[in-house]
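Top to bottom, those sequences are chains E and R. Heads up: the first sequence runs through residues 56 to 599, numbered per my numbering. Heads up: the second sequence runs through residues 198 to 368, numbered per my numbering.
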Amino acid sequence: MFKCDVLIDSSEIKSRIKKLKNEENYSILLDITVIDYLKHPDVTLSRFAVIYILRDNTFKKQISIKSYIDDNTLTIETISDLYKSANWAERETYDQYGINFSGHPNLKRLLNHHQFVGHPLRKDYEITKGQICTQTEDLMDEMHPLLIKKGYTPEEINDLMLLNVGPSHPASHGTIRNFVAMEGETITACVTEIGYLHRGFEKSCENHTYSQVIPYTDRLNYCSAILNNIGYAKAVEEMLKIDITQRAKSIRVIIGELSRIIDHLVCNAANMVDLGGLTNFWYLFAPRDTAYDLLSKLTGARLTNTYTRIGGLEFDLYDGFAEDLANVLKEVETACSDALSLIAHNRIFHDRTQDVGVIKSDFALSAGISGPNLRSTGIAHDLRKDKPYYGYENYDFDIVVGSHGDVYDRMMCRFEEMVQSTKIIRQAMKELPDGPINVDAPGILLPSKKDVYGNIEGLMNQFKLTFEGIKVPKGEYYSSTEAGNGELGFFIVSDGEGRPYKVKCRPPCFYSLGAYSDIVEGGMLADAVVTMASMNFIAGEFDR
Amino acid sequence: MGLGAESALGDSIVTTKLDHAINWGRSYSLWPMVFGTACCGIEFMSVAGAKYDLSRFGAEVVRFSPRQADLLIVAGTISYKQAPILKKIYEQMCEPKWVISMGACACSGGFYDNYTTVQGIDQIIPVDEYVAGCPPRPEAVLDAIMRIQEQANDESIIKDRVKDYKGFLDV
Chain E
56 MFKCDVLIDS SEIKSRIKKL KNEENYSILL DITVIDYLKH PDVTLSRFAV IYILRDNTFK
116 KQISIKSYID DNTLTIETIS DLYKSANWAE RETYDQYGIN FSGHPNLKRL LNHHQFVGHP
176 LRKDYEITKG QICTQTEDLM DEMHPLLIKK GYTPEEINDL MLLNVGPSHP ASHGTIRNFV
236 AMEGETITAC VTEIGYLHRG FEKSCENHTY SQVIPYTDRL NYCSAILNNI GYAKAVEEML
296 KIDITQRAKS IRVIIGELSR IIDHLVCNAA NMVDLGGLTN FWYLFAPRDT AYDLLSKLTG
356 ARLTNTYTRI GGLEFDLYDG FAEDLANVLK EVETACSDAL SLIAHNRIFH DRTQDVGVIK
416 SDFALSAGIS GPNLRSTGIA HDLRKDKPYY GYENYDFDIV VGSHGDVYDR MMCRFEEMVQ
476 STKIIRQAMK ELPDGPINVD APGILLPSKK DVYGNIEGLM NQFKLTFEGI KVPKGEYYSS
536 TEAGNGELGF FIVSDGEGRP YKVKCRPPCF YSLGAYSDIV EGGMLADAVV TMASMNFIAG
596 EFDR
Chain R
198 MGLGAESALG DSIVTTKLDH AINWGRSYSL WPMVFGTACC GIEFMSVAGA KYDLSRFGAE
258 VVRFSPRQAD LLIVAGTISY KQAPILKKIY EQMCEPKWVI SMGACACSGG FYDNYTTVQG
318 IDQIIPVDEY VAGCPPRPEA VLDAIMRIQE QANDESIIKD RVKDYKGFLD V
């Protein structure tokens, strides 16, 4: 049975985590969440337990820590002074479960609106109980103390220009609200508010079977839906202790890398629109549409593919797939070189992006930034290399790193990662093994229609899987993959039934966005816009 | 057309009704404001992109200011937190205006039947056209835009556009 690695008493949590950080180099806080044991069959010490997931600075080791907290006080000490990423993680936990983090600088709701009453992820909160919000917050409760902290007197604050960038703003590419205080064109303080696309992913998961969760994962990072499918399916498969077939692994690598290419295409294309380079948008979106044609032939959907199944894949590759794929890759290469020919030696582009929106590497680690945003700062962390899965160790590809961590580096990292992904796809296609795409496991995969209509075992199997779902053994387990934006993790709690007791998604861009305000403060407003686009914030992912 | 102008001047002039001329102009120059919140917003990019090419319908001038737009395309999930913003944006648009609800979430909440999602934007603002799909294919969005064009052709400038509508944010 999978369990958390360490159990720590809630009174010692801060000192123990501090020790882990300082003595064992667990310098990255991946995620914080809570399990509500109210309806769990096991008898536990108390109703709520807080979970911390940490990673060390070699990126090879990770540790999950569990701490039961007192039912009466529901309070635990904050670790937001140890890790920057804990700030938002603790706020989310407070919002969803009502756990208090003593000493937190700004413990207020993050995802749900300010008129919301109660804590929706508690097991006694009814899933359909919506609460109407009549007014948007003015955010002065955060902005005012922030400006005072920066040394402004109340009179000076009156002279500043306060500006809302979002939640409906073309630069936000979604629904992010940045509330900024400006001195001329310079941002002196920035407060980020999210939650406008919070659509209850985690609560919905608890009310669906493991297979029914897959479509929900599509809509996390909708620019690369298949990478989310893979991340989730991999976590559940590991809990079930099944090893998918070689062919399924290779296909997941191929389609996953194709999704990564699409993700990066969208990010870079949108970024260059914000820079005023609309031509690049047309160049980069053309191969994306060709790739969508391929995906709709393969999976039946353009964007939200729901391609993986627990234990395998929905369909095998179709006849003529290899030619279509080769065509897509060729178009991607042409589009990238066309786009690069416009910007690579373009002085305006360089001036506009170099040394703009700089992220320092130690700041990035403390903030929990991962993926291309982290690699652009010069840290070579890629889960495909550090914790290889699906045979990534057998492919010849490089981790793409930058040197300055500015907008330019982030864009160029994405361009180069597309090249590396193309390389991986070509190798995988060359060595694509034959054989089945699904594991032979009747309790996990639906039987063939011949069996369903032909014999009683098949019928029963179909019925039980559809209505009751896959019975995942009891346990608590964290698994992660390298998604388009970085480390995409799923922390799943199973009580042995066909529906997950809890699914917590660790969304990579949630943590990037948490660090955004610090990155843009002191810069110009127009630079904040391109910084935002270059960090690829996907609302479906950070709001879930 | 009975005015005698054509018989006097031949085919050098065309007479028409004012309504007809204005509706023709309006229907082929819809300026959409895309309220893209989620996955459908990404699909809308494809609609505007080179392959599906919204400009064939005269609707490529995408505005991000509601005051300059006459077609609101709500592309994506609307949460309760987002609802007051959507309503404000709708109210900032000048008449005549039309609303397309793009995708399952905007139409009905889709499969997000939970505590945070509004179960259809028609609980907040009036909707003219619904597009099914999660997300809809670009062709379906183009179809909805063509239906809006048909609606625009039935308008009259002398009739007031009265909407007897009350949503849950109208108090």
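Every residue, glycine too, gets a C-beta built ideally from N, C-alpha and C. As the structure is a computational prediction, the values presented were derived from the model and not from experiment.
Query                                                                                                                           : Result
T241/E (DSSP reduced to helix, strand or coil)                                                                                  : strand
Own chain partners of G199/R with C-beta closer than 7 Å, once the 5 adjacent residues on each side are dropped                 : Caution applies to G199/R, whose pLDDT of 49 falls short of 50 and renders its modelled position unreliable; the value that the coordinates give is listed next. Once the five neighbours on either side are set aside, G199/R has no close Cβ partner at all.
Rounded Cβ spacing between E240/R and L358/E (contact assumed at less than 8 Å)                                                 : 6 Å
Spatial neighbours of K287/E in its chain, beta-carbon cut-off 6 Å, leaving aside the 5 residues before and after               : Correcting the residue identity first, residue 287/E is Tyr in this sequence and not Lys. Once the five neighbours on either side are set aside, the close Cβ partners of Y287/E are T272 and F545.
Validate contact between the segment 210–229 of chain E and the segment 304–316 of chain E using beta carbons, cut 8 Å, 3 pairs : no
Endpoints, alpha helix (DSSP H) assigned at Y149/E                                                                              : A141 to Y152
Complete runs of the beta strand (DSSP E) confined to the segment 243–328 of chain R [at least 3 residues]                      : 268–272, 295–299 and 326–328
As assigned by DSSP and simplified to three states, the class of G199/R                                                         : With a pLDDT of 49 at G199/R, under the threshold of 50, the predicted position of this residue should be treated as unreliable, though the coordinate-derived value follows. Correct three-state label for G199/R: coil.
Residue environment, K485/E, which counts as buried when at least 16 other CB atoms sit within 10 Å                             : exposed
Exposure of Q117/E, with buried meaning 16 or more beta-carbon neighbours within 10 Å                                           : buried
I187/E, DSSP secondary structure in three states                                                                                : coil
Interfacial residues, the segment 244–268 of chain R to chain E, with Cβ spacing under 7 Å                                      : G246, A247, K248 and F261
Chain E contact for G199/R (CB, 8 Å cutoff)                                                                                     : Caution applies to G199/R, whose pLDDT of 49 falls short of 50 and renders its modelled position unreliable; the value that the coordinates give is listed next. No, its Cβ sits nowhere closer than 8 Å to a Cβ of chain E.
Minimum C-alpha distance to D417/E - residue among I306/E, Q301/E, S431/E and I108/E                                            : S431/E
Cβ shell of T313/R (< 8 Å), same chain only, five flanking positions each side left out                                         : S276, Y277 and K278
C-beta atoms of P562/E and L129/E nearer than 8 Å                                                                               : no
Nonlocal neighbours in the same chain, by C-beta distance under 7 Å from D329/E, ignoring five residues either side             : A226, V584, V585 and A588
Pick from Y277/E, K94/E and K139/E that is closest to F597/E, judged by C-alpha positions                                       : Y277/E
Interface residues of chain E facing D310/R [CB-CB closer than 7 Å]                                                             : T183
CB of S421/E within 8 Å of CB of Y138/E, strictly                                                                               : yes
Min CB distance S276/R to chain E below 8 Å                                                                                     : yes
With 16 other Cβ atoms within 10 Å as the buried cut-off, status of Y225/R                                                      : exposed
For I120/E, the residue or residues it bridges with in DSSP                                                                     : V61/E and Y107/E
Cβ of K258/E within 8 Å of any chain R Cβ                                                                                       : yes
Rounded straight-line distance, which links the Cα of I68/E to that of P491/E                                                   : 47 Å
Closest by C-alpha distance to L80/E, when choosing among P270/E, R110/E, K385/E and N540/E                                     : First, the amino acid is wrong: residue 80/E is Asn here, not Leu. Nearest of P270/E, R110/E, K385/E and N540/E to N80/E, Cα basis: R110/E.
CA-to-CA distance, K184/E to E261/E, given in whole angstroms                                                                   : 15 Å
Where the alpha helix (DSSP H) containing Y566/E begins and where it ends                                                       : P563 to V575
Residue burial classification, K296/E (beta-carbon count within 10 angstroms, cutoff 16)                                        : exposed
Cα-Cα separation between A144/E and R599/E, rounded to whole angstroms                                                          : 13 Å
Short-range partners of chain R found in the segment 127–158 of chain E, where Cβ spacing is below 7 Å                          : none
A236/E versus E576/E: straight-line alpha-carbon distance, rounded                                                              : 9 Å
Cβ of N167/E within 8 Å of any chain R Cβ                                                                                       : yes
Between the CA atoms of L333/E and A399/E - distance to the nearest angstrom                                                    : 16 Å
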